[in-house]
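Below is one structure, written out as structure tokens; the observations come after it.
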Amino acid sequence: MKVEKDLIRRAKKGDFIAFEDLICGYEKKVYNTVFRFFNNEQDAMDITQEIFIKVFTSLKSFRENSSFSTWLYRISVNTCIDFFRKKKEDMLPINEEMAVGGEVKLGSQTELPEVFVQNQELKQILAQAINTLPEEQRMCVILRDIQGFSYTEISEILSCSLGTIKSRISRGRRALKDKLKETELFSANDV
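The working numbering applies: residue 3 is where the sequence shown begins, and numbers increase by one.
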């Protein structure tokens with residue numbers, strides 16, 4: 003934490019190397035969040051780059067008494083929402099392997115091919131179900147259940163009350179559960 007504060011202080015003074023070191027730990031996580039929201043590798047790369055440009059240009063406005071990661075994700079969410087409103091295209095299914103860095107992960111040495119294929123099918127079905135959620139619920143579910151943010155962090159990132167965040171996540175999960183019950187691969191007891 004002390005190192006991060008020093009990097010922020012130096013980056014605010016225009017030290018680009020300090021800025022690169024600062025964002026190094028966040029690049030992949032920001033990219034994955036953006037990718038899961040838009041499901042398009044090129045858009046995710048472009049938006050991620052735009053996010054870090056915005057972070058660099060507005061770093062002087064960052065108040066050091068707050069969390070850098072929360073501030074960064076607030077910029078990320080705002081940029082995603084702006085882009086989403088401009089683009090307004092139908093979303094494609096999430097490709098889990100591309101979100102991890104463009105490499106297709108093969109199953110473990112002991113995993114049977116049938117299990118690997120079934121796992122890929124399950125990921126695809128879940129991704130399609132997430133894509134059907136309204137924008138606000140989708141972002142909350144992605145931040146909570148995929149990226150692992152706490153309710154409080156999501157509340158700060160999205161500038162919403164804790165109750166609103168809990169409600170959106172609850173509704174999103176309920177909608178996902180209902181959607182997954184419709185598929186052949188899930189029975190009512192599985193979800």
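Note that beta-carbon positions come from the ideal geometry of N, C-alpha and C, so glycine has one too.
Could you spell out where the alpha helix (DSSP H) holding residue i opens and where it closes?
i, result
"Q149", "No alpha helix (DSSP H) contains Q149, which DSSP labels as neither H nor E."
"R173", "L164 to K183"
"L61", "Counting along the chain, L61 falls outside any alpha helix (DSSP H), and DSSP gives it neither H nor E."
Do you know how far the Cα of residue j is from the Cα of residue i?
i, j, result
"S69", "P115", "44 Å"
"A40", "A46", "Here the sequence assigns Phe to residue 40, which means Ala is not the residue at that position. Going from the Cα of F40 to the Cα of A46 covers about 7 Å."
"D180", "D84", "29 Å"
"Y153", "D147", "10 Å"
"R12", "V79", "25 Å"
"K7", "P136", "36 Å"
"Q44", "E66", "32 Å"
"F86", "N121", "29 Å"
"D205", "E138", "This structure gives no information on residue 205, because the portion of the chain shown stretches from 3 to 193."
Going by beta carbon distance, what residues of the same chain come within less than 7 Å of residue i, once the five residues before and after it are set aside?
i, result
"S157", "S163, L164 and I167"
What would DSSP say about residue i, mapped onto helix, strand or coil?
i, result
"P136", "coil"
"K31", "helix"
"R38", "helix"
"D17", "coil"
"E158", "helix"
"N80", "helix"
"N67", "coil"
I want to check one thing, is the minimum distance from the CB of residue i to the heavy atoms of the ligand ZN below 7 Å?
i, result
"K125", "No copy of the ligand ZN occurs in the structure displayed, which carries no ligand at all."
Can you list, in chain order, the residues of its chain whose CB lies under 8 Å from that of residue i, leaving out five sequence neighbours each side?
i, result
"D92", "Here the model assigns D92 a pLDDT of 42, short of 50, so the residue's position is not dependable, and the following value carries that caveat. Taken in chain order, the list of residues that qualify is empty."
"I77", "I53, K56, V57 and S60"
"Y28", "S71 and L74"
"R140", "F39, I132, N133 and G174"
"C142", "I156, L160, I167, R170, I171 and G174"
Around the Cβ of residue i, are there at least 16 other Cβ atoms within 10 angstroms (buried) or fewer (exposed)?
i, result
"T81", "buried"
"R38", "buried"
"V5", "exposed"
"I144", "buried"
"C26", "exposed"
"F18", "exposed"
"G174", "buried"
"T50", "buried"
Can you give me the Cβ contacts of residue i inside the same chain, cut-off strictly under 6 Å, excluding the 5 residues immediately before and after it?
i, result
"E22", "none"
"A20", "L9, R12 and A13"
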